[in-house]
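*Asks:*
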Amino acid sequence: GEVSPVTRRDEGDGAREGASQRWRDAFLGAPYLQSALVSLGVMADTFETACTWSRFAALHEDVVSSVTDRLRARCGAGRVTCRFTHVYPDGCAPYYTFLAPMADDALDAWRDVKAAACEALARHGATITHHHAVGRTHRPWYDRERPALFGEALRAVKRALDPAGVMNPGVLVDP
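Here's what the structure looks like:
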């Protein structure tokens with residue numbers, strides 16, 4: 004017989020109705036909204052982390068303060084929001100969004116704001132990412148967070164499985 008993919012939704016169970024469906028639609032549409040906001044002159048971006056509950060209050064205060072201060076300095080104004088994507092008995096995964104009027108030097112301003120966010124995470128021992136990819140943007144902070152031995156192991160795996168270095172070169176490790 005025919006095999007169908009396993010999904011998290013059973014038809015008719017009501018799991019994707021109302022508020023749940025509106026949240027899902029907004030979440031899946033966020034990358035498209037970011038592009039639209041940028042075209043309208045709004046700097047918009049997100050970043051995630053994970054930390055223990057004992058570190059969250061200080062982390063949150065520092066992230067919001069540091070990013071808001073940098074947005075005001077570079078863009079004249081700005082807003083930082085936070086929601087939890089996951090909660091665990093020992094900690095949480097805060098997901099931050101920042102919005103501001105686009106600065107004249109938009110790319111440099113964005114880099115500066117992003118660096119302020121990443122430095123705040125590092126100051127509190129929070130991870131540079133919860134479960135999404137690290138990518139080139141977060142790489143400098145990932146290098147600081149990641150144990151050296153783990154970096155060597157990643158390089159060894161990359162050399163063995165991708166000797167030509169064509170798969171995501173420079174994203175997690177240098178050759």
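Here the numbering used here is used: the first residue of the sequence shown is 4, the next is one more, and so on.
Just so you know, even glycine gets a beta-carbon here, dropped at the ideal spot from N, CA and C.
If I measure Cβ to Cβ from Ala106 and keep anything under 6 Å in the same chain, skipping five residues before and after, which residues do I get?
*Replies:* Along the sequence shown, read from residue 1 onward, the residue named residue 106 stands at position 103. Arg77, Cys78 and Ala112.
*Asks:* For the beta strand (DSSP E) holding Pro104, just list the boundary residues, first then last.
*Replies:* Looking up residue 104 in the sequence shown gives position 101. Where Pro104 is concerned, the enclosing beta strand (DSSP E) stretches over Gly94 to Pro104.
*Asks:* Straight-line CA distance for Ala22 to His141?
*Replies:* To locate residue 22, count along the sequence shown from 1; it is residue 19. To locate residue 141, count along the sequence shown from 1; it is residue 138. Distance between the alpha carbons of Ala22 and His141 is about 32 Å.
*Asks:* Please confirm if the region 121-134 is in contact with the region 150-159, defined as three or more CB-CB distances below 8 Å between the two stretches.
*Replies:* no
*Asks:* Pick out whichever of Thr100, Val90, Trp26 and Leu124 has its Cα sitting closest to the Cα of Asp65.
*Replies:* As a position in the sequence shown, residue 65 is number 62, starting the count at 1. The shortest Cα separation from Asp65 among Thr100, Val90, Trp26 and Leu124 belongs to Leu124.
*Asks:* For Ala119, which option in Leu62, Tyr91, Ala53 and Leu40 has the closest C-alpha, if you only look at C-alpha atoms?
*Replies:* Indexing the sequence shown from 1 puts residue 119 at position 116. Closest by alpha carbon: Leu62.
*Asks:* What residues in its chain sit with their C-beta under 7 Å from that of Arg25, if we drop five residues either side in the sequence?
*Replies:* Here residue 25 is taken as the residue at index 22 of the sequence shown, counted from 1. Once the five neighbours on either side are set aside, Arg25 has no close Cβ partner at all.
*Asks:* Identify which residue in Glu51, Ala167 and Val45 has its Cα closest to the Cα of Tyr99.
*Replies:* Stepping through the sequence shown from its first residue, residue 99 is reached at position 96. The residue with the shortest Cα to Cα distance from Tyr99 is Glu51.
*Asks:* Report the three-state DSSP secondary structure of Ala119 (helix, strand or coil).
*Replies:* Residue mapping note: residue 119 aligns to position 116 of the sequence shown, counting from 1. Here Ala119 sits in helix by DSSP.
*Asks:* At which residues does the beta strand (DSSP E) containing His89 begin and terminate?
*Replies:* For this step, residue 89 is matched to residue 86 along the sequence shown. Per DSSP, the continuous beta strand (DSSP E) segment holding His89 begins and ends at Arg82 to Tyr91.
*Asks:* Just the Cα atoms here: how many angstroms apart are Phe101 and Leu31?
*Replies:* Position 98 of the sequence shown, counted from the start, is the residue given in the question as residue 101. Position 28 of the sequence shown, counted from the start, is the residue given in the question as residue 31. Whole-angstrom Cα-Cα distance: 18 Å.
*Asks:* Between which residues of its own chain and Asp71 is the CB-CB distance below 7 Å, once the five residues before and five after are set aside?
*Replies:* Against the sequence shown, residue 71 aligns to sequence position 68. For the record, residue 71 in the displayed sequence is Thr; it is not Asp. Excluding five sequence positions before and after Thr71, the CB atoms of its chain that fall closer than 7 Å to its own CB belong to Gly81 and Val83, given in chain order.
*Asks:* Rounding to the nearest angstrom, what Cα-Cα distance links Ala103 and Met46 in this structure?
*Replies:* The residue labelled residue 103 in the question sits at position 100 within the sequence shown. The residue labelled residue 46 in the question sits at position 43 within the sequence shown. Between Ala103 and Met46, the C-alpha separation is close to 5 Å.
*Asks:* Within the same chain, show all residues whose beta-carbon is closer than 7 Å to that of Lys161, passing over the 5 residues directly before and after it, in chain order.
*Replies:* Within the sequence shown, the letter at position 158 stands for residue 161. If we look at Lys161 and ignore the five residues flanking it on each side, its Cβ neighbours are Val176.
*Asks:* Under a three-way DSSP split, which group does Ala156 fall into?
*Replies:* Residue numbering aside, residue 156 sits at position 153 when the sequence shown is read from its first letter. Residue state, collapsed to three classes: helix.
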